[in-house]
Amino acid sequence: MRMCAVSREVRPIDELIRFVVSPQGDIVPDLKRKLPGRGMWVTASRQVVAEAVRRHQFSKAFKRELRTPQTLPADIEALLVRSVTEALGIAAKAGQVVAGFGKVESALREGTVEVLIHASDGAADGIRKLDMLARQNAGNRGAKPQIPVVTALKSIELDLALTRSNVIHAALLAGPASKSFLSRSQMLVRYRMADADKTAEEPGQDF
Numbered sequence: 001m002r003m004c005a006v007s008r009e010v011r012p013i014d015e016l017i018r019f020v021v022s023p024q025g026d027i028v029p030d031l032k033r034k035l036p037g038r039g040m041w042v043t044a045s046r047q048v049v050a051e052a053v054r055r056h057q058f059s060k061a062f063k064r065e066l067r068t069p070q071t072l073p074a075d076i077e078a079l080l081v082r083s084v085t086e087a088l089g090i091a092a093k094a095g096q097v098v099a100g101f102g103k104v105e106s107a108l109r110e111g112t113v114e115v116l117i118h119a120s121d122g123a124a125d126g127i128r129k130l131d132m133l134a135r136q137n138a139g140n141r142g143a144k145p146q147i148p149v150v151t152a153l154k155s156i157e158l159d160l161a162l163t164r165s166n167v168i169h170a171a172l173l174a175g176p177a178s179k180s181f182l183s184r185s186q187m188l189v190r191y192r193m194a195d196a197d198k199t200a201e202e203p204g205q206d207f
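1 is the number of the first residue of the sequence shown in full-length UniProt numbering; add one for each residue after it.
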């Protein structure tokens, strides 16, 4: 648990972003929480980070003049997107990803899907059909929770992660990489939402 320097609310560290100061006096987001030096914690919300920039909260917290770019909220979002795509790429290299409507449909029918992924700019009809199939085949998963659905990435971002073209639908199969992808996706969505407390956390809910 840490306190957000902006809201003064105490939150789990998974709901916060740590910032440190570089030797050059720049604010650096420490997404992996491993960089040396004193850290400042801010709620993982684009709105809250923007407020911290506007109120010069970083200079106040570190008690020195710092270079804090106005683009910091957008820069962090780009880093979070890259973190999610990297996790998906790692899962693909481990053979834990299938892509394409047909392959995803087959995996859903077999009950092997751990996470269902749709491009945020994908056609509604295909998304609706696979979502319906995921709900219909929930019984094939036994005692496992309903399949989480991730819609946080655009098609071009899925293309880059999976090194192929026009990816609209994909699915993560059982394996350790699915947990990493899921947690990073949750953080990205939490960051994008105006109210972090509304982040979808329930199994089977879209995020």
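A virtual CB, placed ideally from N, CA and C, is assigned to each residue, including glycine.
Can you find the residues in the same chain that come closer than 7 Å, C-beta to C-beta, to Thr-112, ignoring five residues on each side of it along the sequence? Leu-173, Ala-174
Under 8 Å, with one C-beta from each stretch per pair, do the stretch 74-88 and the stretch 124-136 reach the 3-pair mark? With a cut-off of 8 Å, the stretch 124-136 and the stretch 74-88 do not count as touching, because too few Cβ pairs lie within range.
Taking 6 Å as the limit between beta carbons, can you name the residues of its chain near Ile-17, skipping five residues before and five after? Pro-29, Val-42, Ala-44
Using only alpha-carbon positions, find the residue among Arg-184, Thr-71, Arg-54 that is nearest to Val-6. Arg-54
Nearest by alpha-carbon distance to Thr-163: which of Glu-110, Ile-90, Pro-176 is it? Nearest C-alpha to Thr-163: Ile-90.
Terminal residues of the continuous beta strand (DSSP E) containing Thr-43? Residues 40-43.
Kindly indicate the opening and closing residues of the alpha helix (DSSP H) around Pro-73. 72-93
Relative to the C-alpha of Asp-131, which candidate in Leu-153, Ala-170, Gln-96 has its C-alpha closest? Ala-170
Excluding five sequence neighbours on each side, which residues of the same chain lie with their C-beta closer than 7 Å to the C-beta of Gly-100? His-169
Straight-line gap, Ile-27 to Ala-50 (C-alpha atoms, nearest Å): 13 Å
Which one of His-118, Arg-33, Phe-19 has the shortest CA to CA distance from Ile-147? His-118
Would you decide whether Thr-71 is buried or exposed? Buried here means 16 or more other CB atoms lie within 10 Å of its CB. Exposed: under 16 other Cβ atoms inside 10 Å.
Using a threshold of 8 Å, state whether the C-beta atoms of Arg-192 and Arg-46 are closer than that. yes
For my contact list, residue 211 and Thr-85 are in at a C-beta cut-off of 8 Å; report their separation, rounded to the angstrom. Because the chain here runs from 1 to 207, residue 211 falls outside it and cannot be looked at.
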